[in-house]
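Just so you know, we're using our numbering here: the sequence shown kicks off at 249 and counts up by one. Even glycine gets a Cβ: it sits at the ideal position worked out from N, Cα and C. Taking it in order: structure first as C-alpha cells, then the write-up.
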Amino acid sequence: MMGSNLCLATFVAVALTLSSAASGQTVQVADMQPGRIVGTVTDVNNDTVPDATVVLDGSGMNDQRRVTTNENGYFEFEDVKAGMPYQVSIHAEGFADWTSPAVVLEPGQYKILTDIQLRIATALTTVQVTYNAVQVATEQVKVEEKQRVLGFIPNFYVVYDRDPAPLTAKLKFQLAFKVVVDPVTAAGVALYSGMEQAGDRPNYGQGAQGFGKRVGANAAGGFTDIMIGGAILPSLLHQDPRYFYKGTGTTMSRMRYAMSRPFVCKGDNGKWQPNYSSIGGDLGSSAISYAYYPKSDRGVGMVFTNFAINTGERMVASLAQEFLLRRFTHKPVE
C-alpha cells in the first residue's frame, strides 16, 4: 500500500512538472508572436499619395525594410517583432519627409498609423545678385531722359537718386544729344534769339536775315557748350556733368551747395573735384563763338563776358534745381 502511494506521488510530481513546462512554452510562444503595422499616406488636402517610399527601421543594423504605397496610398509591414522599438519614415517626390515617433508593438498587435500627412517640400532657392554699374547707369539715364518740368521742359541733367552709378562716355554723349535735339531746346533758341533781336544784340542787324543769324549763332553756341561741357570734357576728364540734388540741410547750406556746382562736380570715382568740364565748356563755347560773331562784338572781353554770363546762368539754374524745379518735375512711374 505504501508503495502504491509512493508511485502515485511520483506520477503527480512528474505530471505537474510536464504541465509547468508546457505552460511556460506556451507563454514563450505567445510572447514571440509578431504584429503588423499598416497605414495610409495622404497630403495636407487628405488626398492619398501613391508610390511613396515607406521605411521601417528597427534597433538592429539589419532590421530595416521598405515598401512602396499602392495607388490608394496604403502600405503594410507584416511579421513585425513585438517589444522592439521601430520608426517609420516616409519619402515622396515633391513632399517633405515624414517620420513617426517610436512604435513598440505588443504580441500579435495590429497597429494602424494615423495622421500621416505629407507637406509640400520647402524649396531652397539661392539667388546670386551681380551688380552691373553700366546697366544700372543705363536704367537711371532712361529715367532722367523722361524728367520734364511742367511735363514738357527737359530736365535731363538733374539726379535725384542718392547713390547713382557713374556714367559711361557713351551715356554722357547720349544725354547731351538728347538735350540738343529736343524740340523745346529749339524753341528756347528761337525765343532767346527774338529777345536779342529786340535788343539788337549782337550786331547782326534787323529783319529776317538778322534774326536768322542770331538763331544760328545761339544754336551753335548752345550745341558747343552742351557737347564740350556735357560730353567731351566729362568723358576725357572722367567727370559727371549732372547736377546732384541735395534736398537736405539748412537753406544756407543748400544755397552754397547749388551756387558752387559750376565750380565743383562729382568725378566718376564718386569724389568731389574741381569742375573743369563745366568751366572748360563755357570757355570753349565762348571762344568758338568768336569765329561767327560780328566784328563789332568780337574781342577777348567778349569771350570772358560770355563766360561770366554762362557761369551766372548755371548758378541760377542750380538754385532753381535745388529749391524750385523738383516739385514741378514729372518723373516716370517706375
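- Sequence-distant partners of R546 (beyond 5 residues in either direction) whose C-beta falls short of 6 Å from its own C-beta, in its chain, are Y538.
- With contacts defined by Cβ atoms closer than 8 Å, T472 and I527 do not form a contacting pair.
- Between V427 and F404, the C-beta spacing is below 8 Å.
- Selection Y541, G477, V564, A417 evaluated against V463 yields Y541 as nearest (Cα-Cα).
- In the DSSP annotation of this structure, the continuous segment of the alpha helix (DSSP H) that includes S441 starts and ends at 431-447.
- At a Cβ-Cβ threshold of 8 Å, Y493 and V407 count as neighbours.
- With a threshold of 16 other beta carbon atoms within 10 Å, D409 falls short and is exposed.
- In the three-state scheme derived from DSSP, where H, G and I count as helix and E and B as strand, E324 is classed as strand.
- When beta bridges are read from the DSSP output, G549 appears opposite no residue.
- For I476, same chain residues with a beta-carbon under 7 Å away, outside a window of 5 residues either side, are G528, G529, G532, S533 in chain order.
- For the stretch 503-535, there is no continuous alpha helix (DSSP H) assignment of 4+ residues that stays within its boundaries.
- Residue pairing by DSSP places S337 opposite V303, T347 in a beta bridge.
- One alpha carbon belongs to L366, the other to T378, and they sit about 37 Å apart.
- Shown here, F404 sits in coil according to DSSP, grouped into three states, outside any helix or strand.
- When only Cα atoms are considered, Q521 and R490 end up about 13 Å apart.
- Here V315 is near V302, since their CB atoms are less than 8 Å apart.
- A check of alpha carbon separations from Y358 across E387, A369, E326 identifies E326 as the nearest.
- In the three-state reduction of the DSSP assignment, I364 falls in the coil class.
- Beyond the five residues adjoining it in sequence on each side, A506 comes within less than 6 Å, by CB distance, of S566, L567, E570 in the same chain, given in chain order.
- Residue burial annotation: V548 is exposed, with fewer than 16 other C-beta atoms found within 10 angstroms of its C-beta.
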